[in-house]
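This report refers to the structure that appears directly beneath it.
Numbering (UniProt numbering), first residue to last: 1 to 391.
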């Protein structure tokens, strides 16, 4: 019934069809959804519908958010996609997040297929994330025993914990895994290439993988090239300080992989800790680089020229963080001229106005979609994509 004010009466809200209430409840966070179940029996019935709990997004930033755990204990058997965000600096937030993972690990047969965990704060001093690693190992072992359900999508890019071979080996039991991102910004990567080979061998459906270069070897590329597995679609590799002692990936290993995965796209990145001489050694014309990140803060223009030559048929996105120079400007122009697929260009240093204009003239789609950062005068950070001075 609609009252004179134009609003639904309490009776009208209570008698709304199940389909409408379910759509409304789907937009509530998990705590508010549980509160709604206390309104009346009809609402409780709607909240109990398993479809509502397939996606479970939760955050731990305050002590009061512990109520989320009770909610998961009630509906965790229906959860297929779990996303956890937290400020990991506070111990209680970490304990609450781990309790969520532990409960799912305690289920006889969890239905979890998608997992994302994101740290949003600063790590405590000397924090290594051991409780998260241990809890996730238990979860992976439980899911790995199931004959009906398996993790397919695991994104731990923002979980700053020290992953180990034991961690990766437990994850390899999830044989239907299709997506894995382990680029979590820890100072030292402890994942060996041997454990990645084991993962690839067991998870034959894995199509997208993001790891540090120190965890990749020729054996990893050869494992992806085996005929009894699905072709690899995307490989993300970041090179850091550990490359000072690392081994190179041979052109023949890349060619072997491309024979099995002809549509492979590679994201290749170098940060400021990677020895500069290793950048040109790791870049090879055989690699189908679609995204290249040269965040070195050093003079990198020879490598930019190299990218224009090696990846002219594949390069879509280029990110450069370096020092300004005429040589860099010439190299950027060469990229714009030769890389006909170039869609995104982020340059975090000053470039002369006439060079900016020439690049945008060569790449009209990039100019139209504003998928670039090109500045001719110093501006306060952060620099905004698609805007020039005076806009």
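Cβ coordinates follow ideal geometry from the N, Cα and C atoms, glycine included.
Because the structure is a prediction, the values reported are computed rather than measured.
C-alpha distance - residue i paired with residue j, whole-angstrom precision
{"i": "residue 33", "j": "residue 41", "result": "14 Å"}
{"i": "residue 330", "j": "residue 351", "result": "10 Å"}
{"i": "residue 144", "j": "residue 173", "result": "5 Å"}
{"i": "residue 221", "j": "residue 230", "result": "13 Å"}
{"i": "residue 280", "j": "residue 135", "result": "40 Å"}
{"i": "residue 333", "j": "residue 362", "result": "9 Å"}
{"i": "residue 137", "j": "residue 117", "result": "14 Å"}
{"i": "residue 183", "j": "residue 104", "result": "24 Å"}
{"i": "residue 235", "j": "residue 58", "result": "29 Å"}
{"i": "residue 86", "j": "residue 76", "result": "19 Å"}
{"i": "residue 6", "j": "residue 19", "result": "Caution is warranted here: a pLDDT of 47 is assigned to residue 6, below 50, making its placement in the model unreliable, and the coordinate value is therefore given only provisionally. Near 22 Å, if we compare the C-alpha coordinates of residue 19 and residue 6."}
{"i": "residue 375", "j": "residue 367", "result": "13 Å"}
{"i": "residue 63", "j": "residue 96", "result": "9 Å"}
{"i": "residue 50", "j": "residue 259", "result": "44 Å"}
{"i": "residue 241", "j": "residue 78", "result": "43 Å"}
{"i": "residue 108", "j": "residue 197", "result": "29 Å"}
{"i": "residue 278", "j": "residue 189", "result": "18 Å"}
{"i": "residue 165", "j": "residue 228", "result": "24 Å"}
{"i": "residue 365", "j": "residue 150", "result": "41 Å"}
{"i": "residue 268", "j": "residue 70", "result": "42 Å"}
{"i": "residue 54", "j": "residue 247", "result": "43 Å"}
{"i": "residue 272", "j": "residue 245", "result": "16 Å"}
Anticipated Cβ contact below 8 Å, residue i with residue j, distance rounded
{"i": "residue 288", "j": "residue 243", "result": "Between residue 243 and residue 288 the Cβ distance is about 20 Å, and since that is not below 8 Å, they are no contact."}
{"i": "residue 199", "j": "residue 168", "result": "6 Å"}
{"i": "residue 435", "j": "residue 255", "result": "Not covered by the structure: residue 435. The range shown for the chain is 1 to 391."}
{"i": "residue 284", "j": "residue 251", "result": "6 Å"}
{"i": "residue 215", "j": "residue 193", "result": "6 Å"}
{"i": "residue 93", "j": "residue 61", "result": "7 Å"}
Simplified DSSP state of residue i, which is helix, strand or coil
{"i": "residue 50", "result": "helix"}
{"i": "residue 4", "result": "Residue confidence is low: residue 4 scores 46 on pLDDT, short of 50, so the model does not pin down where it sits. Its coordinate-derived value is still stated next. Correct three-state label for residue 4: coil."}
{"i": "residue 114", "result": "strand"}
{"i": "residue 126", "result": "coil"}
{"i": "residue 290", "result": "strand"}
{"i": "residue 134", "result": "helix"}
{"i": "residue 216", "result": "coil"}
{"i": "residue 195", "result": "helix"}
{"i": "residue 391", "result": "Caution is warranted here: a pLDDT of 46 is assigned to residue 391, below 50, making its placement in the model unreliable, and the coordinate value is therefore given only provisionally. The answer is coil: DSSP assigns residue 391 none of H, G, I, E or B."}
Residue from the options with nearest C-alpha to residue i
{"i": "residue 264", "options": "315, 358 and 277", "result": "315"}
{"i": "residue 369", "options": "378, 377, 343 and 375", "result": "343"}
{"i": "residue 185", "options": "202, 162 and 325", "result": "162"}
{"i": "residue 73", "options": "101, 291 and 90", "result": "101"}
{"i": "residue 68", "options": "49, 99, 54 and 304", "result": "99"}
{"i": "residue 339", "options": "149, 292, 269 and 254", "result": "292"}
{"i": "residue 121", "options": "357, 90 and 354", "result": "90"}
| field | Any 3 or more C-beta pairs closer than 8 Å across the stretch 173 to 191 and the stretch 205 to 221 | value | Short answer: they touch.
| message | Under 8 Å, with one C-beta from each stretch per pair, do the stretch 310 to 321 and the stretch 335 to 350 reach the 3-pair mark? | response | Contact between the stretch 310 to 321 and the stretch 335 to 350 is present, because at least three Cβ pairs lie under 8 Å.
| Inter-stretch contact (C-beta, 8 Å, three-pair minimum) for the stretch 294 to 309 and the stretch 250 to 267 | In the pairwise beta carbon analysis, the stretch 294 to 309 is classified as not touching the stretch 250 to 267: fewer than three pairs are separated by under 8 Å.
| Does the stretch 74 to 83 come close enough to the stretch 98 to 112 that 3 or more CB-CB pairs lie under 8 Å? | Contact between the stretch 98 to 112 and the stretch 74 to 83 is present, because at least three Cβ pairs lie under 8 Å.
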